[in-house]
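Undergrad:
In UniProt numbering, the protein residues as written are 1 to 158.
1) Looking at chain C, is there any beta carbon in it that lies within less than 8 Å of the beta carbon of residue 95?
2) Pair every Cβ in the segment 26-46 with every Cβ in the segment 125-133, then say whether three or more of these pairs are closer than 8 Å.
3) Can you give me the Cβ contacts of residue 108 inside the same chain, cut-off strictly under 6 Å, excluding the 5 residues immediately before and after it?
4) Pair every Cβ in the segment 134-144 with every Cβ in the segment 75-93, then say whether three or more of these pairs are closer than 8 Å.
5) How far does the alpha helix (DSSP H) with residue 40 in it extend, from its first residue to its last?
6) Compute the Euclidean distance between the alpha carbons of residue 54 and residue 99, then round it to the nearest angstrom.
7) Just to confirm, is the Cβ distance from residue 62 to residue 8 under 8 Å?
8) Starting from the C-beta of residue 57, find all residues in its chain whose C-beta is less than 6 Å away, skip the five residues before and the five after it, and write them out in chain order.
9) Output the residue ranges of the alpha helix (DSSP H) runs that lie fully inside the segment 84-156 and measure 4 residues or longer, sorted by chain position.
10) For residue 13, does the count of other Cβ atoms within 10 angstroms reach 16, so buried, or fall short, so exposed?
11) Mapping the DSSP letters down to three states, classify residue 72 as helix, strand or coil.
12) In or out: residue 72 buried (at least 16 other Cβ within 10 Å) or exposed?
13) Should residue 117 go down as buried or exposed, given a rule of 16 or more other Cβ atoms within 10 Å for buried?
14) According to DSSP, is residue 80 helix, strand or coil?
15) If you run the structure through DSSP and keep just helix, strand and coil, what is residue 11?
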């Protein structure tokens with residue numbers, strides 16, 4: 001605790017005015033990060049057609065993660081903060097389900113309907129694949145640009 005309060009330039013009393021304990025602080029930080037990611041993913045949805053929107057949104061997300069690579073390596077690669085990955089996957093599942101529901105004529109939805117795969121399973125799979133790909137991309141020191149990686153990920157869904 002002293003290390004955290006010293007680095008933050010606050011005393012323990014100030015810390016405890018804002019948080020119950022370290023887990024509470026961590027939960028708050030993770031929630032803030034998830035909210036930032038959600039804002040990036042929901043930005044400008046109405047301004048473009050679906051395929052352009054998905055690509056540009058994915059590029060924005062990957063650029064954001066790349067610009068904070070040290071933090072996201074700790075969260076997704078080293079897994080030293082295990083609470084982050086499930087929340088990130090949960091956010092992606094929610095957004096994929098919303099996308100499926102709002103775009104009934106997409107290729108992804110058509111595939112799910114044809115093979116009788118429930119949309120929840122489609123969302124679970126898509127979210128896990130995306131988060132896993134991002135983790136491996138970070139773990140391999142981002143050998144591809146965010147734009148290139150986003151374009152390749154999109155190819156899997158068409």
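For glycine and all other residues, C-beta sits at the position ideal for the given N, C-alpha and C.
TA: Based on what the coordinates show:
1) Checking the listed chains, one finds no chain C in this structure; it contains a single protein chain.
2) no
3) Position 108 of the chain shown, counted from the first residue, corresponds to residue 108. For residue 108, the predicted structure reports a pLDDT of 45, less than 50, and the residue's modelled location is therefore unreliable. A value from the coordinates is still provided. Same-chain partners within the cutoff: 157.
4) yes
5) Working through the chain shown from its first residue, we reach residue 40 at position 40. Looking at the DSSP string, the run of the alpha helix (DSSP H) that includes residue 40 is 22-42.
6) Along the chain shown, read from residue 1 onward, the residue named residue 54 stands at position 54. Along the chain shown, read from residue 1 onward, the residue named residue 99 stands at position 99. Roughly 10 Å separates the two Cα atoms.
7) Taking the chain shown and counting its residues from 1, the one referred to as residue 62 is at position 62. Taking the chain shown and counting its residues from 1, the one referred to as residue 8 is at position 8. No, the pair does not count as a contact, with Cβ atoms beyond the cut-off.
8) The count along the chain shown starts at 1 and reaches residue 57 at position 57. Only 41 meet the Cβ criterion.
9) 84-102, 107-114, 119-139 and 146-156
10) Mapped onto the chain shown, residue 13 falls at position 13. Exposed: under 16 other Cβ atoms inside 10 Å.
11) Working through the chain shown from its first residue, we reach residue 72 at position 72. It is helical.
12) Along the chain shown, read from residue 1 onward, the residue named residue 72 stands at position 72. Buried: at least 16 other Cβ atoms inside 10 Å.
13) Here residue 117 refers to the residue found at position 117 when the chain shown is read from its first residue. Residue 117 comes out exposed.
14) Sequence index remark: in the chain shown, residue 80 carries index 80 (1-based). It is coil, neither helix nor strand.
15) As a first step, residue 11 is located in the chain shown; it is residue number 11 there, counting from the start. Correct three-state label for residue 11: coil.
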